[in-house]
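Residue numbers (the working numbering), protein chains in the order written: chain A, 39 to 220; chain U, 252 to 519.
As structure tokens, then:
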């Protein structure tokens, strides 16, 4: 409880720092979240150079729009991830990603990054990766398509030919699993 | 729908993962704003997803952050340059408005000078106008005077002509008992019959009375007309024949036959 409220207090401080255009607040934020955000972006676009561009653009938006973040609507990370995801979607719409998007539904291509310039880093928290790896594949694909690829639940339902209710249930089950095990 | 049902519906998970469209998100945000329990539940969901993202984290190259910082600074510089330009533009503005101000001051001064000159000329004009009017008055006065003098001169000239003229006979009439010191003259042209009388030291006639001149022919009086005490020669009625002239005091307007006392009388 104490730790949680501490994190809350730190986040508020970071937000205030951003709103006051304090680059040291941006640095703290970047160090804390950039790896997680970059992980998501690079999974969306399968191109590390492009992913870096998107991350940069997203951080500029975060810097410029810090004032529009509302804590009652969700966590800071979620807000930042939404910005990253939208930036990536905008980029992909503009490019010829439509063709590669079709193949992206194939799981082998989804995680095959043709322009991978460095290896995945090991998460600081030992064991998280193992726990994540234990996610049931039918749950994991739904989490990945929504959270990492920016699909809506309708799109997932169409893509995987599953009823909407099932998409909802599986996403909820996956998250419940993560909540209980991490 | 109670809170637990809402939690179990899986909407919060869809919201947290980013699977909802704009209107669905609005609805969830409305619920979140109303219920603290939902906000706590959402926070736990987001925390789980965040951990999932962290599990897939990949550290971007160090240059990425430097690029971000330099583009922020670049944007700030551009902003500063823009504001510097604005300052520069603003700085030139007062100069041009200074010129305008000086022009306005100059124009105002010119206006004052112009007004002063106008006032000077206007007052001069009035002064000259007054002088002109005065001169005109003087001129009129002199003209009138001239006319008067001319008239006087003409009258005197006529008198002198009459007196000097060889055709005129001067008859001096001497005072009788009523007024022994009085004296009067008649100038008579026998050929034309013209008669002038000059009677300036007769006593002033009483009200309702007037002096009348008579010509006497063989003791018979002939009316030669009434006259006023003007001190000038006065033209009377024509007289063709006369032995003597006399003046009587009669009622104003004269009478056909003398009724009053004789004041002066003189033989031709």
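Don't be surprised by glycine CBs; every beta carbon is placed ideally from N, CA and C.
Per DSSP, residue 487 of chain U is one residue of the beta strand (DSSP E) stretching across 485-487. Residues of the stretch 286-315 of chain U with a C-beta less than 9 Å from any C-beta of chain A: 290, 293, 294, 295, 296, 297, 298, 299, 300, 301, 302, 303, 304, 305, 306, 307, 308, 309, 310, 311, 312, 314 and 315, listed in chain order. Cβ neighbours of residue 123 of chain A within its own chain (closer than 6 Å, five residues either side excluded): 188. The criterion of a C-beta distance shorter than 9 Å is not satisfied by residue 197 of chain A and residue 209 of chain A. When only Cα atoms are considered, residue 100 of chain A and residue 118 of chain A end up about 7 Å apart.
Taking C-beta separations shorter than 7 Å and ignoring five residues to either side along the sequence, the partners of residue 512 of chain U in its chain run 429, 499 and 500, following chain order. The beta carbon of residue 111 of chain A falls within 9 Å of a beta carbon belonging to chain U, placing the residue at that interface. Excluding the 5 residues flanking it on each side, residue 442 of chain U has same chain C-beta neighbours closer than 8 Å at 418, in chain order. Within the stretch 431-473 of chain U, the complete beta strand (DSSP E) runs of at least 3 residues fall at 434-440, 446-449 and 460-468.
With distances taken between CA atoms, residue 83 of chain A lies nearest to A:130 out of A:178, A:59, A:130 and A:48.
Taking the Cα positions, residue 92 of chain A is about 6 Å away from residue 125 of chain A. Of all residues in the stretch 73-99 of chain A, only 73, 74, 75, 76, 77, 78, 80, 81, 89, 90, 93, 94, 97 and 98 place a beta-carbon less than 8 Å from a beta-carbon of chain U. In the DSSP secondary-structure assignment, residue 180 of chain A is not bridged to any residue.
Where residue 115 of chain A is concerned, there is no enclosing beta strand (DSSP E), although the alpha helix (DSSP H) around it starts and stops at 114-132. Within chain U, the residues whose beta carbon sits less than 9 Å from that of residue 185 of chain A are 267, 268, 269, 270, 300, 303 and 304, listed in sequence order. Shown here, residue 288 of chain U sits in a helix according to DSSP, grouped into three states. Sequence-distant partners of residue 350 of chain U (beyond 5 residues in either direction) whose C-beta falls short of 7 Å from its own C-beta are missing from its chain.
In summary, residue 191 of chain A is buried, with 16 or more beta-carbon neighbours lying within 10 Å of its beta-carbon over all protein chains present. Looking at the DSSP output, residue 518 of chain U sits in a beta bridge with U:495. Using a 10 angstroms sphere on the CB of residue 85 of chain A, the tally of other CB atoms reaches 16 or more, which defines it as buried. Distance between residue 78 of chain A and residue 87 of chain A, taken at the CA atoms: about 14 Å. Judged by pairs of C-beta atoms under 8 Å, the stretch 392-400 of chain U does not touch the stretch 481-496 of chain U, as fewer than three such pairs exist. If one requires a minimum length of 3 residues, no beta strand (DSSP E) run lies completely within the stretch 59-86 of chain A. In the structure shown, residue 99 of chain A falls within a helical segment according to DSSP collapsed to helix, strand and coil. Of the candidates A:106, A:70, A:61 and A:127, A:61 places its Cα closest to the Cα of residue 324 of chain U. Per DSSP, residue 170 of chain A is one residue of the alpha helix (DSSP H) stretching across 166-171.
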